[in-house]
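Let me begin by presenting the structure, written as structure tokens, before commenting on it.
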Amino acid sequence: MPIIRGSGAGAIFSALRGLNARLCLYAMHLLWVLSLLGCQSMAKPRVLPAEVRITNTVTGTSIFNVRVNVYSKTLDRGSSGGEGCCIGLPEQWQPDMVATVEWVKDPSPGVNPGGVKPPPPGRYGSLTAEGKKWYEIHEANYTRHRVRVPVPEYQRSASLTLVFLPCDEVYPLIDAEQRSYVLGDLRGVKDRKQEIIRRLGKEHACQQK
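Okay, so the sequence shown: first residue is 200 according to the numbering used here, each after it adds one.
Structure follows, in structure tokens:
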């Protein structure tokens, strides 16, 4: 059996050490790539600014003081906004996204119970004692509402339109294509509010008394 002497054995051991070092570097590089891919897969989608808009389909009512919060448990992230202001929406829709909407409703704008209209203003448009009393009665009839609704799937967003429906239901309209279908090309439509309800498929969802 041949004997490996001094310098030859050292060369072999040196070569083996070099090979092991290269394998170690390759393994470290592979682990780095895999960890990078893992981080990318776990990265949260971007949050894009979106304007909050209001569409009220209920005739004879007025909606104001609207606040909305959109939250995703998966992303552990939420954003709040109000009418005419901005809210942050994830670039990609998440199945567990929920919108919490709060608002105040005037059930009879301009008229108090019994059909009582506001008294004429005082001199220079000032509020009279009768007018103040009328507004106190009027505001006492305001109703406050809060609902939690799932956010429908969207592909591309630019704004959040809260569509207020009969029976105090709300539809959060985000998808650009759906918004174009629901709110677009309403010229010549006799009853626009009813048409919006129909396009959302909500005409039979609530039967008002």
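Glycine included, C-beta positions come from ideal geometry on N, C-alpha and C.
- The beta carbon of M296 sits closer than 8 Å to the beta carbons of V269, Y270, S271, P289, P349, V350 from its chain, once the five residues preceding and following it are set aside; these are given in chain order.
- V257 is positioned such that its CB atom lies closer than 7 Å to that of P365.
- Two segments are said to touch when three or more pairs of C-beta atoms, one from each, lie closer than 8 Å; by this definition the segment 308–321 touches the segment 331–338.
- The beta carbon of G321 sits closer than 7 Å to the beta carbons of T327 from its chain, once the five residues preceding and following it are set aside; these are given in chain order.
- Comparing alpha-carbon positions, the option among E301, S379, V267 lying closest to G287 turns out to be V267.
- Apart from sequence neighbours up to five positions away, the residues of its chain that approach A375 with a beta-carbon distance below 6 Å are R355, A357, ordered along the chain.
- S261 is a Cβ neighbour of P308, given a cutoff of 7 Å.
- When C-alpha distances from V310 are compared across C284, A298, A339, E301, the shortest belongs to A339.
- With 16 or more other Cβ atoms inside 10 Å of its own Cβ, A298 counts as buried.
- In this structure, V362 and V300 do not form a Cβ contact; the two beta carbons are roughly 11 Å apart against a cut-off of 8 Å.
- The secondary-structure analysis by DSSP pairs P365 with nothing; it has no beta-bridge partner.
- DSSP places A298 in the uninterrupted beta strand (DSSP E) bounded by 297–305.
- In this chain, the alpha helix (DSSP H) harbouring R391 covers 391–398.
- For L382, the three-state secondary structure derived from DSSP is helix.
- A Cβ-Cβ separation of about 7 Å places Y341 in contact with K304 under the 8 Å criterion.
- Given a length threshold of 4 residues, each whole run of the alpha helix (DSSP H) inside the segment 324–379 is given here in chain order: 328–339.
- A direct Cα-to-Cα measurement between R386 and Y323 gives close to 40 Å.
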